[in-house]
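Asks: Submitted below is the structure of interest, expressed as structure tokens.
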Amino acid sequence: MKLEMLGTLFLSDKRKDLLLLLMEEPRNIDDIKNILNVTSSAIMTQIKILISQGLIIHEDDLYKLSDIGKVVVKKMVPLLNTLGVFSENMDYWENHNINAIPAYLLDRIDDLGHCEFVEPDLDRMYETPQRIEEKLLQSTHVMEVSSYFNPAYPSTYVELVKKGTEISLIITKPVFERLKKEYSTSLREYLERDNAKIFVCDCPVKVASSIVTDRFLAFSLFYRNGIYHNHAMMSIEKTALKWGEDLFLHYMKSSKEIKEVE
Numbered sequence: 031m032k033l034e035m036l037g038t039l040f041l042s043d044k045r046k047d048l049l050l051l052l053m054e055e056p057r058n059i060d061d062i063k064n065i066l067n068v069t070s071s072a073i074m075t076q077i078k079i080l081i082s083q084g085l086i087i088h089e090d091d092l093y094k095l096s097d098i099g100k101v102v103v104k105k106m107v108p109l110l111n112t113l114g115v116f117s118e119n120m121d122y123w124e125n126h127n128i129n130a131i132p133a134y135l136l137d138r139i140d141d142l143g144h145c146e147f148v149e150p151d152l153d154r155m156y157e158t159p160q161r162i163e164e165k166l167l168q169s170t171h172v173m174e175v176s177s178y179f180n181p182a183y184p185s186t187y188v189e190l191v192k193k194g195t196e197i198s199l200i201i202t203k204p205v206f207e208r209l210k211k212e213y214s215t216s217l218r219e220y221l222e223r224d225n226a227k228i229f230v231c232d233c234p235v236k237v238a239s240s241i242v243t244d245r246f247l248a249f250s251l252f253y254r255n256g257i258y259h260n261h262a263m264m265s266i267e268k269t270a271l272k273w274g275e276d277l278f279l280h281y282m283k284s285s286k287e288i289k290e291v292e
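Here is the structure:
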């Protein structure tokens with residue numbers, strides 16, 4: 031069953047909208063009709079159903095949530111937001127390993143809000159998607175967790191730290207060893223800057239990558255079969271930025287800072 035259908039199994043759209051409206055404040059029938067753009071007969075049918083279910087009451091010419099209704103709607107909002115996150119990009123979530131996300135952050139997946147699917151153009155398939163690179167260049171600080179080698183490290187990130195961007199990068203040991211072996215000059219140049227930090231994580235990093243800045247969050251998951259493709263989910267919602275920061279801090283607890291190249 032598609033996720034967009036789940037929200038209507040127990041609640042019609044009109045009843046859902048009415049409950050969310052009354053969560054803001056009690057309303058009279060004229061306000062309800064005008065705000066929801068419905069007729070009296072159409073909305074009264076829904077009101078009678080919700081009254082019979084004990085979710086709303088009618089007092090002093092106002093319709094308001096009952097005590098039970100307040101509890102139900104408070105629980106309903108994160109559910110609807112979660113369904114919205116998944117249904118908006120259903121193909122991505124169905125085909126990728128969402129269990130790579132720490133459980134307590136998966137429980138807060140609704141914090142992501144509206145997400146945009148971003149992938150590179152065909153002529154730069156193995157490079158950072160242009161939408162993400164543009165936002166990186168506009169950011170004042172960057173925090174990234176990555177379990178795969180990103181070609182942006184030796185080029186884009188050195189350019190960013192040179193112009194003053196604060197960057198903290200958490201990578202796995204194999205990724206660090208490749209940086210040290212193949213890009214030692216760029217790595218040294220990066221580490222010489224006070225605004226550049228790099229950490230090696232001792233625990234498994236199950237997400238492909240997560241970049242969070244003061245402007246956006248972009249994260250990538252592996253396919254269920256373990257394959258990685260260069261695309262990401264991107265959000266600019268404030269709650270998404272906090273979610274991304276918490277994901278970074280999750281891995282920071284198991285990471286050791288590297289201050290110089292041996």
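Under this note's numbering, the sequence shown has 70 at position 40, and the numbering climbs by one with no breaks. Virtual Cβ for every residue (Gly too), placed ideally from N, Cα, C. The structure presented is a predicted model; accordingly, all values stated were derived computationally and were not measured.
1) Along the chain, where does the beta strand (DSSP E) that runs through Y93 open and close?
2) So for I197, helix, strand or coil by DSSP?
3) Within this structure, are the beta carbons of V175 and C145 separated by less than 8 Å?
4) So, A248 versus V172, is the Cβ gap smaller than 8 Å?
5) Classify L85 as helix, strand or coil using the three-state DSSP reduction.
6) Applying the criterion that 16 or more other CB atoms from any shown protein chain within 10 Å of the CB defines a buried residue, is N180 buried or exposed?
7) Report the three-state DSSP secondary structure of Y187 (helix, strand or coil).
8) Please look up how many angstroms separate the CB atoms of L95 and I86, rounded, as I've assumed it's under 8 Å.
9) Using a threshold of 8 Å, state whether the C-beta atoms of F229 and I200 are closer than that.
10) What's the gap between the Cα of L318 and the Cα of K165?
11) Determine the extent of the beta strand (DSSP E) in which E54 is found, giving its start and end residues.
12) Between which two residues does the beta strand (DSSP E) holding H171 run?
13) Just to confirm, are S70 and I79 a CB contact at a threshold of 8 Å?
14) Identify which residue in C231, P150, T186 and K100 has its Cα closest to the Cα of S250.
15) Which term fits T215, buried or exposed, when burial requires 16 or more other beta carbons within 10 angstroms of its beta carbon?
16) Three or more beta-carbon pairs under 8 Å between the stretch 121 to 138 and the stretch 268 to 281, yes or no?
17) So Q76 and K44 are in contact, right, with Cβ under 8 Å, and what is the actual spacing, rounded?
18) DSSP puts V242 in a beta bridge; with which residues?
19) From what residue to what residue does the beta strand (DSSP E) around K286 run?
20) Identify, in the order they occur along the chain, each residue of the same chain with its Cβ nearer than 7 Å to the Cβ of N119, setting aside the five sequence neighbours on each side.
21) Less than 8 Å between the CB atoms is what I'm expecting for S265 and G143, so what's the real figure, rounded?
Replies: Answer, in terms of the structure:
1) L92 to L95 is the extent of the beta strand (DSSP E) around Y93.
2) In the structure shown, I197 falls within a strand segment according to DSSP collapsed to helix, strand and coil.
3) No, the pair does not count as a contact, with Cβ atoms beyond the cut-off.
4) In this structure, the beta-carbon distance from A248 to V172 does not fall below 8 Å.
5) If DSSP states are grouped into helix, strand and coil, L85 belongs with coil.
6) Label assigned to N180: buried.
7) Assignment of Y187 by DSSP, reduced to helix, strand and coil, places it in the helix class.
8) Their Cβ separation, rounded to whole angstroms, is 6 Å, which keeps L95 and I86 in contact under 8 Å.
9) Yes, these two residues count as a Cβ contact at 8 Å.
10) No answer is possible for residue 318: the residues shown for the chain start at 31 and end at 292.
11) Not the beta strand (DSSP E): E54 falls in the alpha helix (DSSP H), residues D43 to E54.
12) Run containing H171: H171 to S176, per the beta strand (DSSP E) assignment.
13) Not a contact, by the Cβ cut-off of 8 Å.
14) The residue with the shortest Cα to Cα distance from S250 is P150.
15) Under this definition T215 is an exposed residue.
16) The stretch 121 to 138 vs the stretch 268 to 281: in contact.
17) Their Cβ separation, rounded to whole angstroms, is 5 Å, which keeps Q76 and K44 in contact under 8 Å.
18) Paired residues: M173 and L247.
19) Boundaries of the beta strand (DSSP E) around K286: S285 to I288.
20) Apart from the 5 residues on each side of it in sequence, N119 sits with its Cβ closer than 7 Å to the Cβ of C145, F147 and M263 in its chain, given in chain order.
21) Distance from S265 to G143 at the Cβ level is roughly 6 Å; contact confirmed, criterion being Cβ atoms closer than 8 Å.
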